[in-house]
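If you count the sequence shown from 1, position 318 lands on 426 in our numbering, and the numbers rise without skipping.
Take a look at the structure set out below.
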Amino acid sequence: MQSLIATAAFGLEAVVKREVTALGFDDITCLDSKVEFTSQNLHEGIVRANLWLRSADRVLLKMGEFTATTFDELFEKTKALPWAEWIPQEGKFTVTGKSVKSGLYSVPDVQSIVKKAVVDKLRQKYRTDWFKETGAEYTIQAAILKDVVTLTIDTTGAKNGLHKRGYRARATRAPMKETMAAALIELARYNGKKPFLDPCCGSGTLPIEAALMAKNIAPGLARKFACEKWQRIPEKLWKEERAAAYAKIKTDCEPIIHAADIDPDAVELAQANAELAGVDDCIIFENRPLSQTVLPSENGIAIINPPYGERLGAIKEAEALYSELGRIFNPTRWNVYVITPDEFFETAYKKKARAKRKLFNGMIKTDYYQFF
Numbered sequence: 109m110q111s112l113i114a115t116a117a118f119g120l121e122a123v124v125k126r127e128v129t130a131l132g133f134d135d136i137t138c139l140d141s142k143v144e145f146t147s148q149n150l151h152e153g154i155v156r157a158n159l160w161l162r163s164a165d166r167v168l169l170k171m172g173e174f175t176a177t178t179f180d181e182l183f184e185k186t187k188a189l190p191w192a193e194w195i196p197q198e199g200k201f202t203v204t205g206k207s208v209k210s211g212l213y214s215v216p217d218v219q220s221i222v223k224k225a226v227v228d229k230l231r232q233k234y235r236t237d238w239f240k241e242t243g244a245e246y247t248i249q250a251a252i253l254k255d256v257v258t259l260t261i262d263t264t265g266a267k268n269g270l271h272k273r274g275y276r277a278r279a280t281r282a283p284m285k286e287t288m289a290a291a292l293i294e295l296a297r298y299n300g301k302k303p304f305l306d307p308c309c310g311s312g313t314l315p316i317e318a319a320l321m322a323k324n325i326a327p328g329l330a331r332k333f334a335c336e337k338w339q340r341i342p343e344k345l346w347k348e349e350r351a352a353a354y355a356k357i358k359t360d361c362e363p364i365i366h367a368a369d370i371d372p373d374a375v376e377l378a379q380a381n382a383e384l385a386g387v388d389d390c391i392i393f394e395n396r397p398l399s400q401t402v403l404p405s406e407n408g409i410a411i412i413n414p415p416y417g418e419r420l421g422a423i424k425e426a427e428a429l430y431s432e433l434g435r436i437f438n439p440t441r442w443n444v445y446v447i448t449p450d451e452f453f454e455t456a457y458k459k460k461a462r463a464k465r466k467l468f469n470g471m472i473k474t475d476y477y478q479f480f
């Protein structure tokens, strides 16, 4: 049985595993930066994983895994895999690659060898020496770690990872990926029952993802995927899975979500993004500085991605902002979650976090501080 791989940002593997488990998949294995699993119906699993995974980066179809220490070995073992079962004669395919701690360290050479092996296999199947490559896209990934080669086909789309929900046509400076925002909300165990607050909302990613989660709206419902054009996956299946996803939306759920930002342009953009996402009726947006924040209830969940000292402003400005957050939330009955790379955060906030988790927000190493 072929397996699927949901790739994940470092530190979020357990979150993605929780989502994969909730979707009912089998044989789940959590590894560094990925979660591998199987589906009783492979085609259905590909569709469902793409439509529903919130925190994963993309969904890969695993073609094979083997050890290779020479390029001849790489060629022969790659050629032995069932490429023609997925890639049709007119299929357009490219090969991406990476190599870590391997004797086959030249990534361009690895890509070239894998491409030649796949072409050779398809040439045998279709009995032709020429491929037009005018059809659907099949992005093959060759990943080598300590001489172990993993070959996959990207079902999501090489240029459009799962974070491309379709609602964020534009963004403010230093935006957070939608997948990261969803993971932060999942780690906070938000379920839509308590009030939610983001006082530094920027283009609105956190409150929008919170609304999508509360109303059980599949994050991939309004977008397209590379594998939608694959011959192996029936168009009817996509229609059925999308219809099932629409039926699962909690139309009677009315989450209380507040979002604010000091920048009026950011608030306007956040409102536009919320409309595109179909959750503008769930979120109250306000244009106000952090110092004017008024907590909307006695308790709730606040998730904050403040401007970082190294990213958008001076360190002293960041310290002042963190102190302001401490003033607003201490003491309160709110659960507060803050993601920042600034190691002086707790000192400025004037409270020790009950827990913190190391994450990478893009290429920035951060801590996710949790105050219960």
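Where is the CB? At the ideal position from N, CA and C, for every residue including glycine.
1. Going residue by residue through the region 261 to 305, where are the continuous alpha helix (DSSP H) segments of at least 4 residues, counting only ones entirely within it?
2. Do A456 and Q478 have their C-beta atoms closer together than 8 Å?
3. What first and last residue would you give for the beta strand (DSSP E) that runs through Q249?
4. What is the DSSP secondary structure of S163, counted as helix, strand or coil?
5. Give the straight-line distance between the Cα atoms of E210 and V257, rounded to the nearest whole angstrom.
6. Could you give the residue range of the beta strand (DSSP E) that holds R331?
7. Between the region 330 to 349 and the region 191 to 199, can you find at least three pairs of beta-carbon atoms closer than 8 Å?
8. Report yes if the CB atom of L270 is closer than 8 Å to the CB atom of G328, and no otherwise.
9. Enumerate in chain order the residues of its own chain whose CB-to-CB distance from R156 is below 8 Å, with the five nearest sequence positions on each side excluded.
10. Label V124 either buried or exposed according to how many other C-beta atoms from any shown protein chain fall within 10 Å of its C-beta, with 16 as the threshold for buried.
11. Between which residues of its own chain and P307 is the CB-CB distance below 6 Å, once the five residues before and five after are set aside?
12. For I412, count neighbouring Cβ atoms within 10 angstroms of its own Cβ and tell me buried if that reaches 16, exposed if not.
13. Please list the terminal residues of the continuous alpha helix (DSSP H) segment that includes N381.
14. Below 8 Å on the Cβ atoms is my guess for A326 versus F304; work out the distance and round it to an integer in Å.
15. With H, G and I counted as helix, E and B as strand and the rest as coil, what does DSSP make of V85?
16. Return the CA-CA distance between R166 and E181, expressed in angstroms with no decimal places.
17. Apart from the five residues on each side of it in sequence, which residues of its chain come closer than 7 Å, Cβ to Cβ, to D237?
18. Out of curiosity, what's the CA-to-CA distance linking I113 and Y476?
19. Residues in the same chain with beta-carbon distance under 7 Å from F333, minus the five sequence neighbours each way, listed in chain order, please.
20. Does the structure place the region 238 to 257 close enough to the region 353 to 360 that three or more beta carbon pairs sit under 8 Å?
21. What distance in whole Å lies between the Cβ atoms of I472 and P439, which are believed to be in contact at a cut-off of 8 Å?
22. Does the distance from the C-beta atom of E241 to that of K200 stay below 8 Å?
23. Report the CB separation of T177 from D255 in whole angstroms; it is logged as a contact under 8 Å.
24. Would V208 be called buried (16 or more neighbouring beta carbons within 10 Å of its own) or exposed?
25. In chain order, which continuous runs of the alpha helix (DSSP H) of length 4 or greater are located wholly inside the region 431 to 465?
According to the structure data:
1. 286 to 295
2. On the sequence shown, residue 456 is found 348 positions in, with the first residue counted as 1. On the sequence shown, residue 478 is found 370 positions in, with the first residue counted as 1. For A456 and Q478, no; Cβs fall outside 8 Å.
3. The residue given as residue 249 occupies position 141 in the sequence shown. Residues 245 to 253.
4. Here residue 163 refers to the residue found at position 55 when the sequence shown is read from its first residue. Residue state, collapsed to three classes: coil.
5. On the sequence shown, position 102 is the one that residue 210 refers to. On the sequence shown, position 149 is the one that residue 257 refers to. According to the sequence shown, residue 210 is Ser rather than Glu. Each residue's Cα considered, the two are about 9 Å apart.
6. Residue numbering aside, residue 331 sits at position 223 when the sequence shown is read from its first letter. Premise fails: R331 is in no beta strand (DSSP E) and is neither H nor E.
7. yes
8. In the sequence shown, the residue the question calls residue 270 occupies position 162. In the sequence shown, the residue the question calls residue 328 occupies position 220. Going by C-beta atoms, L270 is nearer than 8 Å to G328.
9. Against the sequence shown, residue 156 aligns to sequence position 48. Answer for R156: L131, S147, E349, listed in chain order.
10. The residue labelled residue 124 in the question sits at position 16 within the sequence shown. By the neighbour-count rule (16 or more Cβ atoms within 10 Å), V124 is buried.
11. Here residue 307 is taken as the residue at index 199 of the sequence shown, counted from 1. Excluding positions up to five away in sequence, the list reads A368, L398, T401.
12. Locating residue 412 in the sequence shown gives position 304, where the first residue counts as 1. Buried is the call here.
13. Position 273 of the sequence shown, counted from the first residue, corresponds to residue 381. Start and end: 372 to 385.
14. For the purposes of this step, residue 326 is taken as residue 218 along the sequence shown, with counting starting at 1. For the purposes of this step, residue 304 is taken as residue 196 along the sequence shown, with counting starting at 1. Actually they are not in contact, since the Cβ atoms of A326 and F304 sit about 20 Å apart, beyond 8 Å.
15. This structure cannot speak to residue 85, because the chain is shown only from 109 to 480.
16. Taking the first residue of the sequence shown as 1, we reach residue 166 at position 58. Taking the first residue of the sequence shown as 1, we reach residue 181 at position 73. Approximately 28 Å between the Cα atoms of the pair.
17. Numbered from its first residue, the sequence shown carries residue 237 at position 129. R231, listed in sequence order.
18. To locate residue 113, count along the sequence shown from 1; it is residue 5. To locate residue 476, count along the sequence shown from 1; it is residue 368. Approximately 25 Å between the Cα atoms of the pair.
19. Along the sequence shown, one-based indexing puts residue 333 at 225. Excluding sequence neighbours, F333 sits near N158, T263, T264, G265.
20. no
21. Position 331 of the sequence shown holds residue 439. Position 364 of the sequence shown holds residue 472. In fact, because the Cβ distance is near 30 Å, the residues do not count as touching under 8 Å.
22. Within the sequence shown, numbered from 1, the residue matching residue 241 stands at position 133. Within the sequence shown, numbered from 1, the residue matching residue 200 stands at position 92. Yes. Within cutoff.
23. Sequence index remark: in the sequence shown, residue 177 carries index 69 (1-based). Sequence index remark: in the sequence shown, residue 255 carries index 147 (1-based). Right, the Cβ-Cβ distance comes to about 5 Å (below 8 Å), so this counts as a contact.
24. Translated into positions along the sequence shown, residue 208 becomes position 100. With fewer than 16 Cβ atoms within 10 Å of its Cβ, V208 is classed as exposed.
25. 453 to 457
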